[in-house]
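Enquirer: The numbers in the sequence shown follow this note's numbering, run straight up by one, and end at 201. The C-beta atom is built at its ideal place from N, Cα and C for all residues, glycine as well. Please read these numbers as outputs of a predicted model, since none were measured by experiment.
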Amino acid sequence: MARASLTSALCYRDPKAALKWLEAAFDFELVMLIEDADGNLAHSEMKFGDSLVMIGTEWTDQHRSPASIDGLNTQTVHIKVEGDVDAHCQRARAAGAEILMEPADQFYGDRTYRCRDLEGHFWTVGAAVKAVSREEAEAASGLKIQGWM
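1. MET201: which of LEU195, VAL137 and TYR160 sits nearest, CA to CA?
2. Take the Cβ of VAL133 as the centre, count every other Cβ of all protein chains shown within 10 Å, and call the residue buried at 16 or more, exposed below.
3. Confirm, please, whether the CB-CB distance from ALA179 to GLY108 is below 8 Å.
4. How is PHE159 classed by DSSP in three states: helix, strand or coil?
5. Under 8 Å, do LEU56 and LEU104 count as touching if we go by C-beta distance?
6. Assuming ALA77 and ALA149 make a contact with CB atoms under 8 Å, what is their CB distance in whole Å?
7. In this structure, what does DSSP give as the bridge partners for MET84?
8. Going by DSSP, what residues sit across from VAL133 in a beta bridge?
9. With ALA76 as the anchor, note down where its beta strand (DSSP E) starts and where it stops.
10. Quick one: what's got a C-beta closer than 8 Å to ALA183's C-beta in the same chain, skipping five residues either side?
11. Report the option in TYR64, ILE197, ARG186 and GLY194 whose CA atom is closest to the CA atom of GLY123.
12. Between the C-alpha atoms of TRP111 and ILE131, what's the straight-line distance to the nearest angstrom?
13. Going by Cα to Cα distance, which pick from GLN114, PHE80 and SER117 is closest to ARG143?
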């Protein structure tokens with residue numbers, strides 16, 4: 053697998069539990085696990101599609117799980133899936149995700165849901181359900197949009 057151009061790294065109090073949870077909830081695949089002599093996680097990477105996410109420990113005072121800082125987050129990770137977002141949401145719910153927003157169609161043509169994982173990281177999951185032009189998205193949202201993919 054070629055290295056992704058951009059990779060998020062998330063800190064967990066219990067990164068080994070997070071690896072198992074991300075596989076169960078989102079179907080991520082563990083592609084690298086590095087442990088020290090005592091079996092503690094030193095580094096790990098999980099694959100989803102052509103992307104990676106690094107899962108690690110709380111390794112400095114500035115690198116903390118939301119569970120250690122009153123649930124605060126500075127990012128939301130977005131997952132683009134192929135297929136049934138509602139079924140994906142049910143899988144995440146069954147794995148223990150807190151669903152923050154049930155699946156809903158968006159003005160830009162995706163169907164998305166939002167959830168919080170076992171330590172409080174926010175995730176948005178979406179799939180394209182219809183092609184929408186910039187003009188259609190502007191009309192539906194009331195927003196002025198520059199650029200469009």
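Expert: Taking the geometry as given:
1. Nearest of LEU195, VAL137 and TYR160 to MET201, Cα basis: TYR160.
2. VAL133 is buried by the Cβ-count criterion.
3. No, the Cβ-Cβ distance between GLY108 and ALA179 is not below 8 Å.
4. Residue state, collapsed to three classes: coil.
5. Per the sequence presented here, residue 56 reads as Ala, with Leu not at that position. Yes. Within cutoff.
6. Rounded to whole angstroms, the Cβ separation of ALA77 and ALA149 is 6 Å, and the two are in contact under 8 Å.
7. DSSP, once it has assigned bridges, lists GLU97 as partnering MET84.
8. Paired residue(s): none; VAL133 is not in a bridge.
9. In the DSSP assignment, ALA76 falls outside any beta strand (DSSP E) and lies within the alpha helix (DSSP H) extending over 67-78.
10. Answer for ALA183: GLY161, listed in chain order.
11. Cα-wise, what sits closest to GLY123 is TYR64.
12. Each residue's CA atom was taken as its position, placing TRP111 and ILE131 some 25 Å apart.
13. Ranking the options by Cα distance to ARG143, first place goes to PHE80.
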